[in-house]
Amino acid sequence: MSRPDSALIEEIRDSARDFLRRRDQRRRKRQSAPPDREYWGEIAEAGWLGMSVPEALGGLGLDWHAMAAVMEEAGRAQLPEPLVGAAVLPAVALTRLGGDGATAREALLRDICAGRRIVALAWQETEGQLEAGEAAPAFGVNVASREGACVLNGEKRHVIPGDGVDGWLVSCDGEQGPALFYVAADTPGVKVTPYARADGARACHLAFESVVLPPENLLARRDVLEAVDAALDVGRLMQSAEMIGAARQLLADTVIYLNTRQQFGRQLASFQALQHRLVDAAMQVELAAASLLNALNNLADADRTAVRAAASRVKARAARAGLETARLAVQLHGAIGYTEECDVSLYFRHALHHAAWLGNATAHRQRFGALAPAAPPEESADISRAAAGEDFPRDADWNAMPEADFRAMLRRFFRAHYPDRLRHVPWRLHWHEIEDWYFTLARQGWIAPSWPREHGGMGLSPARLIAYIEEAERYGVARAPDQGLVMLGPILLRHGTPAQRERFLPGILTGRDVWAQGYSEPNAGSDLAALRCEAIVDGDALIVTGQKTWSTLAQDATHMFMLVRTDKTVKKQAGISFLLVDLRSQGVTRRPIRTLAGHEEFCEVFFDQVRVPRANLVGELNAGWGIAKELLGFERLFSGSPKHANHALQQIYGRARQRGLLADAAFRDRLAELRLDAADLTAMYEVFADMARSGQPLPPQLSLLKIWATETHERLGALLVQSADEYGGAAVHDSDGKAHALAPYINALAATIFSGTNEIQRNIYAKQVLGLEGA
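Going by this note's numbering, the sequence shown opens with residue 417, and the numbers climb by one from there.
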């Protein structure tokens, strides 16, 4: 995997932004005119035309992350010049060719990089064509030899840029197989039929009628189709970067408009319905950006099929994001958005053009479905357990161990010790069901992977911790009662006193103490700061009175860490404290709550003047809000894990194969769409996981991950129910614990509510990221 040089990419992005600001591109009307030759020369001097061409061939030799940064800024600025058509496509095709013709290819490539010649790639022969090999015999360009020359006959469609270029790279078929020729624009027998795209870009259809070319115009007879197809897929990635940039700018412009425009005496930005629509559009844009980054990171190492699938995935998402954002912007701008006087019209037409050129979203979704692996990789339940006798190290320099070796060791350990019957259990297990596994990890010394060694943990770096969690998820390891491990432990290490650490941490490590979280209350769920459970200081104790609800498996817990109201006279966030309570204390009552799935997963916990030592107060009195917020980011990262979506996909494929549903075109199309959703979820998760690996704080953009993960899981759960027919209405699980088709759907419904409902997450994003006032 190739990670970009972030500092270099930002330099290139800033340079591109400054270059484009010299002229206000959005004020340059697209008048269906040929490229501006003077400005094209300036673009060449900036290095954009040969950004990823090797230095030996006249380019800068940078990777495609750099060009993507330029393309995003070009999209933001609505640069009219056809960078994808006249820079990316011909340059990639020429650099991928081999065999005879190298001298002519190199000379042409140098001219393209220097801006001396504007050249387009003429490859398409039928509407809807996605690859060069999909030839159309009735219209395709054929080449024949005559008296030492080459004669071309046939047609090419939708060539961009069209007229006004110096020539075209033309793919042909002949007696000796595919070939690529350079055809100058003034060659006799070439008929150009120009037409304008929605955004004013110049396109044309070409007809070749006995066009005679000298032998030196033959650029290649080897690897022609492969080179053209490679160019098309890289072009789609760069085209997607341009659409992402345009959509981001359009979102920013729309936010400014909503923050200033008033109706009914209120700013438009204050209407929650509009806020949420903008957040959903932004989510599509950020999914496209994450998908693009994932594709670029893997571009150098992926095989051809993987590159094709990734390019289609990115183009499908970017086309959807671009069109939805542009359509929404027109709507939110009202009547002015429907006029040419408003910049929204430029972006809307730009989205129409790019969403259709080089394949539309539907075509690429179907291509992705045909090319991507049938289901995400997952180890089967019948893996050999030959590793059961292996002696695993209790202690080692885990962070110095190569990541591949670390992951392989974890997989062997899970195979050897984790019960098969508990793999991928679709509900939270009670303590009596999972305690043996907890004790196994405790004996191994692996129960607290994130804790420092001096406190009994593995001392894993953020990168190794992500690997640990991902391997456990991939194998289907159920979450033990881990509130003490992943939430309270880190809080005590950061904010607790030495006495508190000495008293509470050993019980967590051994499983002697099982902790529950006490945050939510009947009127303080997602609005956590509205909690009312009160703790009154009474000498060296606090007297707790009130109620907590939705406390996961609190019936199994011995202790609870909780937020309590300790000052009613200040702003609500300022009067909250973080307290540790023994649930065996007098005055504590627990009532399990049975979910609609029939599982007692939560509890109400009532506190009737429960006396708690003041020594159990973590941090200062009334300073609990800041401590509580520290816990939410990491929790939301893993509530955004793609594990549930990928496992649901496995189940859907299993049922679909059994029942022959994959032969149903409608079912296949819906499945392809959801597979694309799950793939983009994985790409978005990786963006935030990389931040966690490097120790960066997780930003408020994390809200989008939680929304997309849970709602994608819900959509997959619905398709699983559909695929099960009558069994889609059977019980969630039998008395023997065997899960049925409803389980993923039911669990997904709950996940859209936990850790702050998805509506609240949209509110957070609207205010903190988009900057909508009144949100």
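Quick reminder that beta carbons are idealized off the backbone N, C-alpha and C, glycines included.
Predicted model only: the values in this text are computed from it and were never measured.
Following the continuous alpha helix (DSSP H) through residue i, name the residue where it begins and the one where it ends.
i     : result
V701  : 688-714
E870  : Unbroken run through E870: none, as it is neither H nor E.
H770  : 760-772
Y884  : 878-891
V723  : 720-749
W1124 : 1118-1139
V508  : 505-512
G477  : It is not in any alpha helix (DSSP H) - G477 carries neither H nor E in the DSSP assignment.
R910  : 905-911
R521  : 518-530
I1162 : 1158-1167
Would you kindly report the start and end of the unbroken beta strand (DSSP E) that includes residue i?
i     : result
S1057 : From DSSP, S1057 is part of no beta strand (DSSP E); its letter is neither H nor E.
G955  : Unbroken run through G955: none, as it is neither H nor E.
S993  : 992-998
R618  : 618-629
C949  : Counting along the chain, C949 falls outside any beta strand (DSSP E), and DSSP gives it neither H nor E.
T609  : 606-612
F597  : 595-600
V586  : 583-590
W862  : First-last for W862: undefined, no H or E at that position.
A538  : 535-538
Classify residue i as helix, strand or coil using the three-state DSSP reduction.
i     : result
T985  : coil
G1111 : coil
H574  : strand
T676  : helix
R637  : coil
P450  : coil
Q683  : strand
L1188 : coil
E489  : helix
S431  : helix
W814  : coil
Q916  : helix
Q1074 : helix
G549  : coil
S967  : strand
D1024 : strand
Quick check: the Cα distance between residue i and residue j, rounded to an integer number of angstroms?
i     : j     : result
Q700  : Q655  : 16 Å
S1055 : L1120 : 11 Å
A1182 : L585  : 47 Å
A1167 : R869  : 33 Å
Y884  : L510  : 44 Å
P470  : L513  : 14 Å
I1009 : R1000 : 19 Å
G934  : V1004 : 13 Å
G515  : A636  : 7 Å
M487  : C529  : 16 Å
R443  : Y891  : Since pLDDT at R443 reaches only 48, below the 50 mark, its modelled position is unreliable, and the value read off the structure follows with that caveat. Those two C-alpha atoms are separated by around 55 Å.
A401  : E1142 : Limits of the chain in this structure are 417 at one end and 1191 at the other, which puts residue 401 out of reach.
A432  : A423  : 14 Å
G873  : G923  : 13 Å
P420  : F435  : 22 Å
R859  : S1110 : 29 Å
G583  : Y598  : 7 Å
D579  : N776  : 24 Å
V730  : A711  : 8 Å
Report the partner residues of residue i according to the DSSP bridge assignment.
i     : result
N569  : N558
E1016 : R1010
H780  : Its beta-bridge partners do not exist; DSSP assigns none.
F1245 : In the structure displayed, the chain extends from 417 to 1191; residue 1245 sits before or after that span and is not available.
P1029 : A957
### Message
Would you call the stretch 761-776 in contact with the stretch 735-748, where contact means no fewer than 3 C-beta pairs closer than 8 Å?
### Response
yes
### Task
Report yes or no: do the stretch 898-912 and the stretch 1121-1134 share at least 3 C-beta pairs separated by less than 8 Å?
no
### Inter-stretch contact at 8 Å, needing at least 3 Cβ pairs: the stretch 571-578 / the stretch 535-548
yes
### Task
Would you check if there are 3 or more beta carbon pairs closer than 8 Å linking the stretch 930-946 to the stretch 809-829?
no
### Task
Flag this pair as touching only if the stretch 1073-1089 and the stretch 1025-1038 have three or more C-beta atom pairs under 8 Å; answer yes or no.
no
#### Entry: Meets three-Cβ-pair contact criterion under 8 Å: the stretch 490-509 and the stretch 459-466
yes
### Message
Whether or not the stretch 967-977 and the stretch 1013-1028 are in contact is what I'm after, with contact meaning three or more pairs of Cβ atoms, one per stretch, closer than 8 Å; do they touch?
### Response
yes
### Query
With a cut-off of 8 Å, do at least 3 Cβ pairs link the stretch 1086-1104 to the stretch 780-788?
yes
### Message
Under 8 Å, with one C-beta from each stretch per pair, do the stretch 620-628 and the stretch 557-567 reach the 3-pair mark?
### Response
yes
### Query
With contact counted as at least three CB pairs below 8 Å, one residue from each stretch, are the stretch 701-715 and the stretch 1099-1113 in contact?
yes
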